[in-house]
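Novice: From first to last, the protein sequence lines are chains X and U.
For the first sequence, the positions run 1 to 200 when this note's numbering is used.
For the second sequence, the positions run 201 to 551 when this note's numbering is used.
One structure is given below, represented as structure tokens, and several questions about it will come after.
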Amino acid sequence: MQLTNRSKVVSNKVQSTTEKMYLPGILKGMIITGSHLFKRKATVKYPDELRPIASVYRGQHVLKLDENGAERCTACGLCAVSCPAEAITMESAERKKGEEGLYREEKYASTYEINMLRCIFCGLCEEACPKEAIFLTDRIVDVEYEREDFIYGKDKLVEKINKRIDVSKRQTKEVAEFKKLPGLKHNEVWSGKQINKEKH
Amino acid sequence: MITFVIYKLIVCVVVFALSLGVAAYATLWERKFSALLQDRVGPDRAGPKGLLQPLADGGKMFFKEEIIPNVSNRILFILGPCIFMITAVMTSAVIPWCKDVSIAGKVYSMQITDINIGVLYLFGVVSIGVYGIMIGGWASNNKYALLGAIRASSQMISYEIAMGISVIALIITAGGTLSLREIVEQQDAGFANIVWQPLGFIIFFVCALAETNRAPFDLPECEAELVGGYHTEYSSMKLGLFLFAEYINMFISSAVMSAFYFGGYNFPWSHELYDALGLHDGSKWIAIIGFGAFFTKIVIFISVFMWIRWTLPRFRYDQLMNLGWKILLPLSLLNLAITVGVEFLRGNIHL
Numbered sequence: 001m002q003l004t005n006r007s008k009v010v011s012n013k014v015q016s017t018t019e020k021m022y023l024p025g026i027l028k029g030m031i032i033t034g035s036h037l038f039k040r041k042a043t044v045k046y047p048d049e050l051r052p053i054a055s056v057y058r059g060q061h062v063l064k065l066d067e068n069g070a071e072r073c074t075a076c077g078l079c080a081v082s083c084p085a086e087a088i089t090m091e092s093a094e095r096k097k098g099e100e101g102l103y104r105e106e107k108y109a110s111t112y113e114i115n116m117l118r119c120i121f122c123g124l125c126e127e128a129c130p131k132e133a134i135f136l137t138d139r140i141v142d143v144e145y146e147r148e149d150f151i152y153g154k155d156k157l158v159e160k161i162n163k164r165i166d167v168s169k170r171q172t173k174e175v176a177e178f179k180k181l182p183g184l185k186h187n188e189v190w191s192g193k194q195i196n197k198e199k200h
Numbered sequence: 201m202i203t204f205v206i207y208k209l210i211v212c213v214v215v216f217a218l219s220l221g222v223a224a225y226a227t228l229w230e231r232k233f234s235a236l237l238q239d240r241v242g243p244d245r246a247g248p249k250g251l252l253q254p255l256a257d258g259g260k261m262f263f264k265e266e267i268i269p270n271v272s273n274r275i276l277f278i279l280g281p282c283i284f285m286i287t288a289v290m291t292s293a294v295i296p297w298c299k300d301v302s303i304a305g306k307v308y309s310m311q312i313t314d315i316n317i318g319v320l321y322l323f324g325v326v327s328i329g330v331y332g333i334m335i336g337g338w339a340s341n342n343k344y345a346l347l348g349a350i351r352a353s354s355q356m357i358s359y360e361i362a363m364g365i366s367v368i369a370l371i372i373t374a375g376g377t378l379s380l381r382e383i384v385e386q387q388d389a390g391f392a393n394i395v396w397q398p399l400g401f402i403i404f405f406v407c408a409l410a411e412t413n414r415a416p417f418d419l420p421e422c423e424a425e426l427v428g429g430y431h432t433e434y435s436s437m438k439l440g441l442f443l444f445a446e447y448i449n450m451f452i453s454s455a456v457m458s459a460f461y462f463g464g465y466n467f468p469w470s471h472e473l474y475d476a477l478g479l480h481d482g483s484k485w486i487a488i489i490g491f492g493a494f495f496t497k498i499v500i501f502i503s504v505f506m507w508i509r510w511t512l513p514r515f516r517y518d519q520l521m522n523l524g525w526k527i528l529l530p531l532s533l534l535n536l537a538i539t540v541g542v543e544f545l546r547g548n549i550h551l
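As structure tokens, then:
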């Protein structure tokens with residue numbers, strides 16, 4: 001009884017004389033491998049040369065400063081909530097008098113850590129951020145020897161005032177406009193409206 | 201007398217250094233060549249184009265921890281790689297590297313020794329080499345090592361027979377001489393022996409692959425079944441000696457093959473070339489050009505060895521024995537019979 005039509009008739013073919021001689025087969029194989037001598041090599045010598053990556057590549061994060069050099073992040077925690085890998089942790093603090101140049105709003109992140117081993121570079125933190133503070137960049141996370149070194153704190157994440165990191169490819173006008181859409185959840189929260197669950 | 205000793209010493213040291221150097225760079229070439237065959241780049245970090253890689257590998261071997269197993273037989277354990285290495289280096293003694301050079305009226309032959317039983321010496325020394333593997337594998341007191349050693353010795357012994365018979369046919373073609381220099385020189389006058397011995401060459405080549413434990417005959421050290429084979433328990437430079445000696449064996453067997461079948465340091469139209477350049481016998485330039493030709497042949501053979509290794513899968517043990525005893529041995533006997541008939545018709549053999 002045939003149950004499936006996937007069965008195959010096994011061929012027990014007797015080898016011909018040339019096949020038994022084995023030498024033509026060897027020559028054939030050697031020609032195949034020899035032809036690879038002249039093929040393009042697949043190797044990319046990584047630290048010396050980089051593979052071309054997209055301009056909107058999702059690599060190491062950056063915490064942006066605003067045009068005056070103050071941190072944009074207000075430690076709202078939306079990025080941490082949105083993170084599917086739970087890679088982001090932060091602690092917030094209140095801005096003191098005289099720190100206006102350092103932090104843009106009254107609340108700021110006193111610690112902000114991303115575990116690069118947990119991060120899956122999905123970009124949801126960037127999408128969730130209402131303050132345009134966190135962005136993924138086309139930089140590749142460095143290799144470290146210790147696991148602890150992969151937990152990036154503010155020292156590594158916040159961009160330097162004299163060494164701005166360009167995110168214009170990811171922070172396009174369309175994206176910024178999109179983020180201001182009133183239908184988005186975080187905009188509702190920040191404009192002080194109550195979220196009506198029954199409405200949705 | 202003193203000059204003779206000094207000149208022989210120099211030749212010895214040069215040949216020794218040459219075989220070690222070639223073996224070292226054969227390891228690099230093997231990695232590079234396999235990379236090229238697999239669309240990769242291969243080692244290129246140590247030095248320009250990776251040319252210092254063998255030094256790095258050797259240095260690594262020296263600095264690794266050396267472990268001699270408690271349960272092993274200490275003396276034999278050390279003796280094994282020594283024998284293997286010594287026999288590998290010894291075989292280069294009878295190979296003629298280039299034509300004689302005359303300096304200040306004296307003729308110097310570029311060969312360590314031209315004994316009239318050179319071929320016999322070669323085979324004798326090569327077959328001692330298997331003792332190194334056998335002793336090393338046995339003294340390790342390890343099942344994998346022992347199995348590898350048994351495989352190596354049975355394989356080498358089986359293939360030596362077919363190899364020996366194909367060489368007998370070659371010697372008949374070469375006019376009954378056992379001296380390697382004479383075998384090479386008689387190819388200078390006529391054709392290379394490959395013309396008279398195509399079948400013999402194929403048999404010799406296959407057997408040389410088996411003798412040097414190269415793929416597809418690398419059963420003694422097949423990683424998939426036997427961990428490391430006979431050198432499973434070896435570490436540090438003792439392991440290095442085993443691996444290194446294998447490359448020396450490859451170099452020597454390539455040299456022997458080019459000397460036996462492809463005219464050694466001779467090449468087609470060599471006399472015309474030398475005449476055109478106005479060189480006379482005994483000129484050092486003839487020696488250098490001849491050595492270049494010989495070395496080119498050796499490099500080609502080594503590359504073919506590697507090419508085969510990175511193309512073919514390994515034989516199964518019973519297939520190996522079948523090939524050796526049921527195919528190569530009868531073929532070599534047939535080749536011997538044909539050779540005797542042909543040489544009789546050519547009038548080189550008299551009843």
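We put the beta carbon where it would ideally sit given N, CA and C, even for glycine.
Report the rounded CA-to-CA distance for Asp66 of chain X versus Ile151 of chain X, giving the unit in angstroms.
Specialist: For this step, residue 66 of chain X is matched to residue 66 along the first sequence. For this step, residue 151 of chain X is matched to residue 151 along the first sequence. Asp66 of chain X and Ile151 of chain X: Cα-Cα distance of roughly 24 Å.
Novice: Quick one, are the C-beta atoms of Ile268 of chain U and Ala459 of chain U less than 8 Å apart?
Specialist: Counting from 1 along the second sequence, the entry for residue 268 of chain U is found at position 68. Counting from 1 along the second sequence, the entry for residue 459 of chain U is found at position 259. No, they are not a contact pair.
Novice: Report the option in U:Gly490, U:Met290, U:Gly242 and U:Gly280 whose CA atom is closest to the CA atom of Tyr434 of chain U.
Specialist: As a working mapping, residue 434 of chain U is identified with position 234 in the second sequence. Minimum Cα distance to Tyr434 of chain U is reached at U:Gly280.
Novice: Can at least three beta-carbon pairs, one atom from the region 321-337 of chain U and one from the region 350-365 of chain U, be found at a separation below 8 Å?
Specialist: The region 321-337 of chain U, when compared against the region 350-365 of chain U, does touch it at the 8 Å Cβ threshold.
Novice: By Cβ distance, which residues of its chain are closer than 6 Å to Val341 of chain U, with the 5 residues on each side in sequence left out?
Specialist: By 1-based counting over the second sequence, the position of residue 341 of chain U is 141. Checking the sequence, you will find Asn at residue 341 of chain U rather than Val. Within the same chain, Asn341 of chain U has close Cβ partners Val271 and Ser272.
Novice: In its own chain, which residues sit with a C-beta less than 6 Å from the C-beta of Ala168 of chain U, not counting the 5 before and 5 after it?
Specialist: Residue 168 of chain U lies beyond the stretch modelled for chain U, which goes from 201 to 551, so this question has no answer here.
Novice: Kindly list the residues whose CB is nearer than 6 Å to the CB of His200 of chain X, restricted to its own chain and excluding five residues on each side of it in sequence; keep chain order.
Specialist: Counting from one through the first sequence, the residue named residue 200 of chain X turns up at place 200. Below a pLDDT of 50, predicted positions are generally treated as unreliable, and His200 of chain X, at 45, falls in that range; the measurement from the model is reported next regardless. Hits under 6 Å: none found.
Novice: Could you tell me which chain X residues have their CB closer than 7 Å to the CB of Gln397 of chain U, listed as they occur along the chain?
Specialist: Here residue 397 of chain U refers to the residue found at position 197 when the second sequence is read from its first residue. Ordered by position in chain X, no residue passes the 7 Å Cβ test against Gln397 of chain U, which lies about 16 Å from the chain.
Novice: My output table needs one value for Glu113 of chain X: the three-state DSSP class, helix, strand or coil.
Specialist: On the first sequence, residue 113 of chain X is found 113 positions in, with the first residue counted as 1. If DSSP states are grouped into helix, strand and coil, Glu113 of chain X belongs with the strands.
Novice: Can you list, in chain order, the residues of its chain with a C-beta nearer than 7 Å to that of Ala339 of chain U? Leave out the 5 residues immediately preceding and following it.
Specialist: Numbered from its first residue, the second sequence carries residue 339 of chain U at position 139. So the list reads Ser272, Asn273, Leu276, Phe277 and Gly280, once near-sequence residues are dropped.
Novice: 8 Å is my cut-off, CB to CB: does Leu37 of chain X come that close to chain U?
Specialist: Along the first sequence, one-based indexing puts residue 37 of chain X at 37. Judged by the 8 Å Cβ criterion, Leu37 of chain X is in contact with chain U.
Novice: What three-state label does DSSP hand Phe233 of chain U in the structure shown?
Specialist: One-based indexing of the second sequence puts residue 233 of chain U at position 33. Residue state, collapsed to three classes: helix.
Novice: Which of the three DSSP states, helix, strand or coil, is assigned to Phe405 of chain U?
Specialist: Against the second sequence, residue 405 of chain U aligns to sequence position 205. Reduced to three states, the DSSP call for Phe405 of chain U is helix.
Novice: Apply the 10 Å Cβ neighbour rule to Thr373 of chain U and answer buried if 16 or more other Cβ atoms are within range, or exposed otherwise.
Specialist: By 1-based counting over the second sequence, the position of residue 373 of chain U is 173. Its Cβ being crowded by 16 or more others within 10 Å, Thr373 of chain U is buried.
Novice: Taking 8 Å as the threshold (beta carbon to beta carbon), is Gln15 of chain X in contact with chain U?
Specialist: What you label residue 15 of chain X is simply residue 15 of the first sequence in a count that begins at 1. No, Gln15 of chain X does not count as interfacial toward chain U.
Novice: What is the C-beta distance between Asp138 of chain X and Gly59 of chain X, in whole angstroms, given that I count them as a contact (C-beta under 8 Å)?
Specialist: Start at 1 with the first residue of the first sequence, and residue 138 of chain X comes out as number 138. Start at 1 with the first residue of the first sequence, and residue 59 of chain X comes out as number 59. About 5 Å separates the two Cβ atoms, so the contact holds.
Novice: Identify the residues that DSSP records as bridge partners of Cys298 of chain U: which are they?
Specialist: As a first step, residue 298 of chain U must be located in the second sequence, where it is residue number 98. Cys298 of chain U pairs with U:Met310.
Novice: Which residues, in chain order, does the region 496-522 of chain U contribute to contact with chain X at a C-beta distance below 9 Å?
Specialist: Result list: Val504, Trp507, Ile508, Trp510, Thr511 and Leu512.
Novice: So is Ser358 of chain U buried or exposed if we call it buried at 16+ other beta carbons inside 10 Å?
Specialist: Within the second sequence, the letter at position 158 stands for residue 358 of chain U. Counting Cβ neighbours within 10 Å, Ser358 of chain U comes out buried, since at least 16 surround it.
Novice: Tell me which same chain residues have a C-beta within less than 8 Å of the C-beta of Pro147 of chain X, skipping the five on either side of it?
Specialist: Residue mapping note: residue 147 of chain X aligns to position 147 of the first sequence, counting from 1. Note that residue 147 of chain X is Arg in the sequence shown here, rather than Pro. Same-chain partners within the cutoff: Leu117.
Novice: Can you give me the Cβ contacts of Leu520 of chain U inside the same chain, cut-off strictly under 7 Å, excluding the 5 residues immediately before and after it?
Specialist: Counting from 1 along the second sequence, the entry for residue 520 of chain U is found at position 320. Gln355, Phe417 and Leu419, listed in sequence order.
Novice: Residue range of the alpha helix (DSSP H) that Phe451 of chain U falls in?
Specialist: Your numbering for residue 451 of chain U matches position 251 in the second sequence. Residues Ser436 to Tyr461.
Novice: Verify the CB distance criterion: does Gly34 of chain X have a CB-CB separation below 8 Å to chain U?
Specialist: Stepping through the first sequence from its first residue, residue 34 of chain X is reached at position 34. By this cut-off, Gly34 of chain X is an interface position.
Novice: For chain X, find out if any of its Cβ atoms is closer than 8 Å to the Cβ of Ile253 of chain U; answer yes or no.
Specialist: The count along the second sequence starts at 1 and reaches residue 253 of chain U at position 53. Going by the sequence as given, residue 253 of chain U is Gln instead of Ile. For Gln253 of chain U, the answer is no, since every Cβ of chain X falls outside 8 Å of its Cβ.
Novice: So the alpha helix (DSSP H) Leu473 of chain U belongs to, where does it begin and stop?
Specialist: Here residue 473 of chain U corresponds to residue number 273 of the second sequence, with the count starting at 1. Segment Ser470 to Leu477, the alpha helix (DSSP H) holding Leu473 of chain U.
Novice: Could you check what DSSP says for Met90 of chain X in three-state terms: helix, strand or coil?
Specialist: Counted from its first residue, the first sequence places residue 90 of chain X at position 90. Note: Met90 of chain X maps to strand in three-state DSSP.
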